[in-house]
Structures are given as structure tokens and as C-alpha cells.
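Colleague:
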Amino acid sequence: MAAEAGELVLYLGLGQSLLALTPRQRPLGQAPGPVDPVRAWVLSASGTPRVADDPTQDLPGDALGETAPHLRDGRSGPLTAASAEILGALGAEDRLLTVNLARRNTEIAAFLPGGAAFRNLERCLAHGVALAAARGLRFERLVVSWVQGQADARTPHSLYVDRLGALIDGIEAALAAVTGGKGSLLFCLSQTTAFYRAGRRGAALAQAEVAATRPGQVVMAGPEYMLERWDGVHLKPRGAVRLGVLHGRAIRRALLGEAWEPLRMVEAEVRGAEVRVRFAGGIGDLEHSVQGEGPVEVGVRPLEHFGFAWNPPRGVTTRITAAQISGAREVTLTLSETPPHLEKTLLTLGFPHGIGLPEGFSGGDPAQAGGGATGLRTGGGGPDPVAGTLHDWALQQRIVPRWSETA
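In this text, residue positions in the sequence shown follow the numbering used here: the first is 142, and each later residue adds one.
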């Protein structure tokens, strides 16, 4: 019986500047070379995934040409680190074609079906089908990394949910059109940290909601707030590698059929003046990041009560007075009083008052961090190619607390 032909997996990057721009400042000390000399391809002679300066405009006719080895160097972007991780889910005869269609300062609306950016995506799909046929490979799977949200920081939650859903559905339909309905889409996103003022948390919350409601199709790699930036927004090289590894690990596990969930709140149970907040996801036990003296490579601004905030209805003065980790997946909050009621009350994590843009932290000093944040993370989520352990940090969330059923 003849061996099954290998597969061409198309990996597209969509979104804003964290994918579109070359990381700034001191490059990482790694020797330049191919991600995989045989299995990792791009369409640029330079060896990078970018195919055009502005992929939100119709691509030039010669933009999608012959394949070239995917190369990495000390200033490679997240898609290069992610590609290296994804290869761990592919066979020896499979090939990974990585294409970067991200554009800085671009709203989600520009990527929706009907626009030039989406036409470029459709061209990439058609090119992938033709390339696979010419090389004797199967073409069935499309993987997308979505890193976007800053340009939609003021977009209402419900509108961003609708637009993100329309984008995913449009991509799936485009894939079905070129594969005769046999294609499989995996859409991976990370949670933007963009934050302006109370009530404008739409993109971050919408991203978490869409991932939770589309299991098997959409996977959330984790948040972005702990990544170090050179200017408070754009990534340093090591921040780019970490973002890529987060995406690549989530994608690799999904392609292998292994469960993956980001660290997140699942329940807030109130008993008297105590709130038991339970978490799920991530790898390892829950811990709080406490930065000591000297420079650090990953972290967040120190915040009171781990970044939790109790948001009661107008006129109620209940507030959080203390927080402690009380279990492997549990935090106990102490309130100033037993809440008079829980109607219209929200518990938020990672949306501290008075913190807006810029996001992330700069210069190795988490005290300078902006954006949404929490110091909660798990103890270990696998190897970090930059500095030891890859931690899983908690998502920015809001949750409705409920009374304990235990008297």
C-alpha cells in the first residue's frame, strides 16, 4: 500500500503591528538560519513571511511566487517562532507555508470579507492549493494567527464580537470553496491589552468570549499584557519570540488533538464577606508574580489585590480589602462587608482603574507597565526559548459572582 502523500499546511498571520513590524532594539543572540531547511517555507526571497508592505491593498500580481526557506534571525517576528512550534505537530513529509498579511494600525473591519485584505487571503488560499498540487501534497488545513485590537480599543464589545465572528466564518467559507468542503480551519488569537476607560473593554472581552464559544475552531493562546515592549506598545525581539511561542504552542496542541485552555476565571462564589474565585486552564499551579531587584524579562505592573476589582451597582460601597492564593486554582478575596446583594455586580480581573495606554512594560521595569494587567499566572507552561519557563498568565475577564449554595 502506497504511503499517504504529505500535507501542505498554510499558516497566515492577520492583525496589526505586533505581527506586521520587525521587533525593535537589541536583537536576540541567536545564529541566523532556517527554521527547518526542508519543511518550513515562505514566499519571499528574503526568507521572511511578509509578501507586501501593505497587505490591506490588493497584492501585486507577482507577490505570491515560488517558495523559499523560512529563515530566522535575532529580530524575527512572532510568526517565525510560532512556525517552529507548529512544525512539532507535522510529519516528516508535511510542509508549512507561512504568510504574513498583518498591517499596522488596522481595524478589524478592514479584514472582513469583501475588502482587499480578504481578497489577498483568498489569493493565498488559491496559491496554496496550486502549490500543493504541483508538489504532490494534500491541502486541507488552514491555520490563522490573529493579533489585533489596539485599533478597535473604542469599539463596543458586541460589535467586535460580531465582526470577529464574521471574519472567522468568512475564512472558513473561503477555505471550503477551494477544498470542496474538506478544509479545516484553526483560528488562534491572543488577547489584546488595549484599554482606555471603564466600559471600553470591548476587544479584549470579545476575544475571550469568541474563543470560549467556538471550541475546536478557535483557540486562545493567552493574553499579551506581560510581553515587554520597547515603547510601551511594540515588541522587543524577546517579546516577539514569546508571543510566537504562545501562539505556536496552542496551535501545535490543537493540531495534535491535545486539550489547551488559557488560564481564566470560571466561577466566583460569595460566602459572607469572602469570595472564592476558581480558575481553569494553564499548566502548573497558580502563583503571583512578584518582581525583585534588577531587570526582569517578563512581568506586569504591581497592582493591589492581584488586579481584581469589585464592581457593585451605583450606591453600594463594597470593595475588596485583601486577596490571597488559597489553592492550586483558587484565589480568596476578602470584601469590606457582606454584599447587600449581587444584582448588577461584576468581578473584573486585569482592568485596573486609572491604567490606559501604553500597554505592556518597557525598559525591563514592570512598574512602568500600562494597559490591562494581573500578576496571576501558573508556575510552568513549558520551555521558554528566551529565559527558562513559559508561564501562562490569566486572561483579562469579567465574571458575575454568585452566592454560595453552602450555608
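C-beta atoms are modelled at their ideal positions from N, C-alpha and C, and glycine is treated no differently.
(1) Compute the Euclidean distance between the alpha carbons of E500 and G373, then round it to the nearest angstrom.
(2) From what residue to what residue does the alpha helix (DSSP H) around A222 run?
(3) Assuming H388 is part of the alpha helix (DSSP H), what are its boundary residues?
(4) Of all the CB atoms in chain B, is at least one closer than 8 Å to the CB of G188?
(5) For Q465, write down the residues that DSSP places opposite it in a beta bridge.
(6) Just to confirm the assignment: which complete alpha helix (DSSP H) runs, minimum length 4, are found wholly within the stretch 251-333?
(7) Less than 8 Å between the beta carbons of P364 and T320, yes or no?
(8) To test your reading of the DSSP string, which unbroken alpha helix (DSSP H) runs of 4 or more residues are found completely within the stretch 147-198?
(9) Below 8 Å, can you find three or more Cβ-Cβ pairs linking the stretch 500-516 to the stretch 459-477?
(10) Measure the C-alpha to C-alpha separation of E148 and G523 and round it to an integer number of angstroms.
(11) Taking the Cβ atom as the reference point for each residue, do F502 and R442 lie within a distance shorter than 8 Å?
(12) Determine the closest residue to Q538 out of A243, N452, E415 and E484, with distance taken between C-alpha atoms.
(13) If we ignore side chains and look at the alpha-carbon of each, how far apart do L242 and S286 end up?
(14) Taking the continuous beta strand (DSSP E) assigned at Q538, which residues delimit it?
(15) Rounded to a whole number of angstroms, what is the C-alpha to C-alpha distance between P480 and M406?
(16) What are the boundary residues of the alpha helix (DSSP H) that G404 is part of?
(17) How many whole angstroms separate the CB atoms of A273 and R279, which I take to be in contact at a CB cut-off of 8 Å?
(18) Pair every Cβ in the stretch 190-205 with every Cβ in the stretch 230-245, then say whether three or more of these pairs are closer than 8 Å.
(19) Using a Cβ-Cβ cutoff of less than 7 Å, which residues in the same chain neighbour G423 once the five nearest sequence positions on both sides are dropped?
(20) Would you kindly report the start and end of the unbroken alpha helix (DSSP H) that includes V351?
(21) Below 7 Å CB to CB, which residues in the same chain sit around G306 once its five sequence neighbours on both sides are set aside?
(22) Is it a yes or a no for the stretch 249-256 touching the stretch 204-215, going by three-plus beta-carbon pairs under 8 Å?
(23) Short check: CB of L387 to CB of A362, under 8 Å?
(24) So what does T519 bridge to, in DSSP terms?
(25) Taking its Cβ as the centre, do 16 or more other Cβ atoms sit within 10 Å of E369, making it buried, or is it exposed?
(26) Here's a check: name, in chain order, each residue in its chain whose Cβ is nearer than 6 Å to the Cβ of S467, leaving out the five neighbours to either side.
(27) State buried or exposed for A421, treating a residue as buried only when at least 16 other CB atoms are found within 10 Å of its CB.
(28) Cutting at 7 Å between CB atoms, please list the residues of its own chain near A347, excluding the five before and the five after it.
Modeller: Here's the rundown:
(1) Locating residue 500 in the sequence shown gives position 359, where the first residue counts as 1. Locating residue 373 in the sequence shown gives position 232, where the first residue counts as 1. Between E500 and G373, the alpha-carbon positions lie close to 5 Å from each other.
(2) Residue mapping note: residue 222 aligns to position 81 of the sequence shown, counting from 1. Bounds of the alpha helix (DSSP H) holding A222 are P219 to I227.
(3) Against the sequence shown, residue 388 aligns to sequence position 247. The continuous alpha helix (DSSP H) containing H388 extends over residues P378 to L396.
(4) Included in the structure is just one protein chain, with no chain B present.
(5) Numbered from 1 along the sequence shown, position 324 holds the residue referred to as residue 465. Answer is T473, bridged to Q465.
(6) Entirely contained in the stretch 251-333, the alpha helix (DSSP H) runs reaching 4 residues are, in chain order, 257-275 and 298-320.
(7) Here residue 364 refers to the residue found at position 223 of the sequence shown. Here residue 320 refers to the residue found at position 179 of the sequence shown. With contacts defined by Cβ atoms closer than 8 Å, P364 and T320 do not form a contacting pair.
(8) Unbroken alpha helix (DSSP H) runs of no fewer than 4 residues, entirely contained in the stretch 147-198, are found at 158-161, following chain order.
(9) The stretch 500-516 is not in contact with the stretch 459-477.
(10) The residue labelled residue 148 in the question sits at position 7 within the sequence shown. The residue labelled residue 523 in the question sits at position 382 within the sequence shown. Distance between the alpha carbons of E148 and G523: 27 Å.
(11) Working through the sequence shown from its first residue, we reach residue 502 at position 361. Working through the sequence shown from its first residue, we reach residue 442 at position 301. Yes, the Cβ-Cβ distance between F502 and R442 is below 8 Å.
(12) As a position in the sequence shown, residue 538 is number 397, starting the count at 1. Looking at the Cα atoms, N452 is the closest of the given residues.
(13) The residue given as residue 242 occupies position 101 in the sequence shown. The residue given as residue 286 occupies position 145 in the sequence shown. Each residue's Cα considered, the two are about 10 Å apart.
(14) Along the sequence shown, read from residue 1 onward, the residue named residue 538 stands at position 397. DSSP places Q538 in the uninterrupted beta strand (DSSP E) bounded by Q538 to I540.
(15) To locate residue 480, count along the sequence shown from 1; it is residue 339. To locate residue 406, count along the sequence shown from 1; it is residue 265. Between the C-alpha atoms of P480 and M406 there is a straight-line separation of about 20 Å.
(16) Numbered from its first residue, the sequence shown carries residue 404 at position 263. The sequence given here places Leu at residue 404; Gly does not occur at that position. In the DSSP assignment, L404 falls outside any alpha helix (DSSP H) and carries neither an H nor an E.
(17) Within the sequence shown, the letter at position 132 stands for residue 273. Within the sequence shown, the letter at position 138 stands for residue 279. With 8 Å as the limit, A273 and R279 qualify as a contact, their Cβ atoms being about 6 Å apart.
(18) Judged by pairs of C-beta atoms under 8 Å, the stretch 190-205 touches the stretch 230-245, as three or more such pairs exist.
(19) As a first step, residue 423 must be located in the sequence shown, where it is residue number 282. Closer than 7 Å at Cβ, skipping near neighbours: P403, L404, T519, G522 and D533.
(20) For this step, residue 351 is matched to residue 210 along the sequence shown. Its alpha helix (DSSP H) spans residues G343 to T354.
(21) Your numbering for residue 306 matches position 165 in the sequence shown. Here G306 has V351 as same chain residues with Cβ atoms under 7 Å from its own Cβ, once five neighbours each way along the sequence are excluded.
(22) By the Cβ criterion, the stretch 249-256 is not in contact with the stretch 204-215, since fewer than three pairs of Cβ atoms, one from each stretch, lie closer than 8 Å.
(23) Locating residue 387 in the sequence shown gives position 246, where the first residue counts as 1. Locating residue 362 in the sequence shown gives position 221, where the first residue counts as 1. Contact annotation: L387 and A362 have beta-carbon atoms nearer than 8 Å.
(24) Within the sequence shown, the letter at position 378 stands for residue 519. Paired residue(s): L427.
(25) Start at 1 with the first residue of the sequence shown, and residue 369 comes out as number 228. E369 comes out buried.
(26) For the purposes of this step, residue 467 is taken as the residue at position 326 of the sequence shown. Leaving aside the five residues that flank S467 on each side, the residues in its chain whose CB is nearer than 6 Å to its CB run, in chain order, T473.
(27) As a position in the sequence shown, residue 421 is number 280, starting the count at 1. Result: exposed.
(28) Sequence index remark: in the sequence shown, residue 347 carries index 206 (1-based). Cβ within range, chain order: H298, Y301, V302 and L305.
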